[in-house]
Structures are given as C-alpha cells and as structure tokens.
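Residue numbers (my numbering): 559 to 740.
Below is the structure:
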C-alpha cells in the first residue's frame, strides 16, 4: 500500500513519517491481535528523532494542556499515529484504553504512573512510577490491565509518539478509558 506523506490536515509532513506509517502497516498486517501492540512498539524503536518525523508546529506545546497532533490515519482505519507535545507538569488523566496502543518517548523526561484495577472497588490503585526517557517504547492491549497516567516531569517540552488501533477521526473519543483513581 502506498502512503501519502501528508497529514490528515493537509500540511506537508517530513518524509520519514511516510516510512513509519508503512512500517507500522506491515507490523499490524503480520502480527496477531495479541502481538500487534508489541510489534508496533518494535517499529517505533527505530524512529527516535522528532525533527525527522514532526514539523516545528507539531513539536510546539500548549500552555493549558498537552497538545495532540494527528499525524497519520490509515485509510482503512487500522491505526492512527499521534504526536503529543507536553509542557512541564502536564499530564493525562488516569486511564486504560479502548484500543491497543504503543508509544515512544522522543524528547524530554516523562513519567508513567502505573495502576492496577480493583474490580470490587471500581477504581484504579497506584502500584509504581516508572521514568520514561527518549527511546523508551511501551505497548498495551485494550482494557484495564495497563492503566496509567503520563506526565512531563522535565523542565522543557517533552514529545511522545503514540499509535492507536483506531480510526483517525475517533482518536479524541475512542482511545482513553478514564479510570477513577483511589
């Protein structure tokens, strides 16, 4: 399948994004459903330079909340590639996922707070905190088995690259499964 190196918004994208989308497509097509997130994380490990994947505007953060930039949406809805730009202290809510996902830290110092789901109490229990540095890649299946919160703990803008098994127009509504933390 051929990929257009243009974002869904129509702005020209760095050529390396074209290769990333093609490599992810091959990984998704060849892996089982259970292996897909890890296969995609393996692809992300080869794409570490934000300047090769993102325009300067896509690397800019937002003073009020982390900025989400949809970079690529597979034409058949198999996956979407999203860049997140984080200002210091910005974080996600505590969440699991409605879909499989994989992410890589490209720049900055991130922290991942991990949680276990307590079905009886219907809430997430904090279990550990993991430092995430540039080059770190993480993958998870859909559900409440990998509840987490991501945070920029550095002094500058952090950038992470996320791949979700969902159509591009559903990234804002069908990815994060918000969980109540104890």
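Where is the CB? At the ideal position from N, CA and C, for every residue including glycine.
- A contact is defined here as three or more CB-CB pairs under 8 Å, and the region 577-585 fails this definition with respect to the region 706-714.
- When the Cα atoms are used, residue 739 and residue 610 turn out to be separated by approximately 37 Å.
- For residue 640, the closest C-alpha among the options 715, 587, 663 is that of 663.
- The beta carbon of residue 702 sits closer than 6 Å to the beta carbons of 654, 675 from its chain, once the five residues preceding and following it are set aside; these are given in chain order.
- Your pair residue 669 and residue 690 checks out as a contact, with CB atoms roughly 7 Å apart and the cut at 8 Å.
- Here the alpha carbon of residue 651 sits roughly 9 Å from the alpha carbon of residue 735.
- Within the same chain, Cβ atoms closer than 7 Å to the Cβ of residue 621 are found at 645, the five residues on either side in sequence being excluded.
- Taking the Cα positions, residue 571 is about 11 Å away from residue 615.
- The shortest C-alpha to C-alpha distance from residue 696 to any of 594, 587, 573 is the one to 594.
- The secondary-structure analysis by DSSP pairs residue 717 across a beta bridge with 643, 665.
- Buried is the label assigned to residue 608, since at least 16 other Cβ atoms lie within 10 Å of its Cβ.
- As DSSP reads the structure, residue 671 sits in a beta bridge with 687, 707.
- Between residue 642 and residue 718 a beta carbon distance of about 5 Å is seen, short of the 8 Å cut, so the two are scored as contacting.
- When the beta-carbon positions are compared, residue 667 and residue 721 stay at least 8 Å from each other.
- Non-local beta-carbon contacts of residue 600 in its own chain, meaning distances under 6 Å to residues more than five positions away in sequence, are absent.
- A Cβ-Cβ distance of about 16 Å is found for the pair residue 612 and residue 729, leaving them out of contact under the 8 Å criterion.
- The alpha carbon of residue 647 has as its nearest neighbour, out of 591, 657, 715, 681, the alpha carbon of 715.
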